[in-house]
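Chemist: What follows is a single structure, and I will ask about it in a moment.
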Amino acid sequence: MIQRVQSLYLLAGAILSIVCAVCLWGLWLPMALLVVSALFGIYTIFVYNNRKQQAKFCMFNIMLLVGWYILYFVMYQFFGATAQWPVALPLLSLLCYVLARRGIMADERLVRAADRIR
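Structure representation (structure tokens):
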């Protein structure tokens, strides 16, 4: 059984961001935000010893993806970028990061409760 399912959520979020960045190859600024989000997602997996830092990186990724949607739709309005099916992938990535943060915070509450019992 998997003990830390949030690591899978983080990996799925990073993969979805990379797939969307590859599909939107011509739009450089939105693509760069997705690559940065994916790199932070992968890095977040490896700082499993520090749950507070993991939660902060998850929140940073969530804000990056919300910023990506704002940037993409501003570009769509003013510069004529076309909306394609990969535009939905960062939303799924955002959902993965929210679920990962929820799991990380649940682990943090569990550890604090165990420390309180001692």
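Quick note: the sequence shown uses the working numbering, first residue 894, plus one each step. C-beta: ideal position from N, C-alpha, C; glycine also. Bear in mind that the values here come from a model prediction, so they are computed numbers and not experimental data.
#1: Going by the CB atoms, is the gap between residue 951 and residue 990 shorter than 7 Å?
#2: Taking only three categories from DSSP, how would you classify residue 970?
#3: Is residue 940 helix, strand or coil by DSSP?
#4: Give a yes or no on contact between the segment 920 to 931 and the segment 958 to 970, applying the rule of three or more CB pairs nearer than 8 Å.
#5: By Cβ distance below 7 Å, which residues in the same chain neighbour residue 905 in space, the five residues on each side in sequence not counted?
#6: Scan the segment 895 to 961 and note each continuous alpha helix (DSSP H) run of 4 residues or more that stays entirely inside, going in chain order.
#7: What residues in its chain sit with their C-beta under 7 Å from that of residue 922, if we drop five residues either side in the sequence?
#8: Closer than 8 Å by C-beta to residue 1055: which residues in its own chain qualify, once you throw out the five before and the five after it? Chain order, please.
#9: How long is the line joining the alpha carbons of residue 995 and residue 1009, rounded to whole angstroms?
#10: Comparing alpha-carbon positions, which option in 967, 944, 985 lies nearest residue 1002?
#11: Quick one: using the 10 Å Cβ neighbour count with 16 as the cut-off for buried, is residue 894 buried or exposed?
Modeler: Taking the structure as given:
#1: Cβ distance < 7 Å, so residue 990 and residue 951 count as in contact.
#2: Of the three classes helix, strand and coil, the one that applies to residue 970 here is helix, per DSSP.
#3: Assigned with DSSP and collapsed to three states, residue 940 falls in coil, not helix or strand.
#4: Segment contact: the segment 920 to 931 against the segment 958 to 970, three or more CB-CB distances shorter than 8 Å; contact assigned.
#5: So the list reads 989, once near-sequence residues are dropped.
#6: If we require 4 residues or more, the alpha helix (DSSP H) runs fully inside the segment 895 to 961 come out as 898 to 916, 921 to 939.
#7: 964, listed in sequence order.
#8: This structure does not reach residue 1055, given that the chain is present from 894 up to 1011, and the question cannot be answered.
#9: If you take the alpha carbons of residue 995 and residue 1009, they lie about 21 Å apart.
#10: Of the listed residues, the one whose Cα sits closest to residue 1002 is 944.
#11: Confidence in residue 894 is poor, its pLDDT being 39 and thus under 50, which makes the residue's placement too unreliable to answer from.
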